[in-house]
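Residue numbers (the working numbering): 6 to 86. Structure record follows, encoded as structure tokens.
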Amino acid sequence: MAEAARERVLAAVAEVLYIDESDLFDGDATDLRELGLDSVRFVLLMKRLGVDRESDLPKRFANDLTIAGWARELEVLGGGS
């Protein structure tokens, strides 16, 4: 299931930030801000991932702006499938 969460996050990030997996110069630990993530794109990503803006998940995502961090958070919620 961890791979499913990662793929879900990667697909959303690639679509919103217009990047390829090869752009992740530090792998899944690449800081997404270095690839163009800003507040507007963050909101778009939350929508793509189906995250409720009223939940605490956006705040937890903001604490670790990486593919790995977001996939971990989705796994905790069981949202990786």
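Beta carbons: idealized from backbone N, C-alpha and C, even for Gly.
Contacts around residue i, its chain only, beta-carbon distance under 6 Å, and the 5 residues preceding and following it disregarded
i, result
"residue 53", "17"
"residue 22", "40, 41"
"residue 75", "14, 66"
"residue 10", "76, 79, 80, 85"
"residue 62", "56"
"residue 35", "29"
Minimum Cβ-Cβ distance from residue i to chain B less than 8 Å
i, result
"residue 71", "The structure shown contains no chain B; it holds only a single protein chain."
Sequence-distant residues of the same chain with beta carbon closer than 8 Å to residue i, five excluded per side
i, result
"residue 25", "19"
"residue 70", "36, 37, 38, 42"
Practice task
With a floor of 4 residues, list each alpha helix (DSSP H) that falls wholly inside the region 11-73, ordered by position along the chain.
Solution key: 44-53, 62-67
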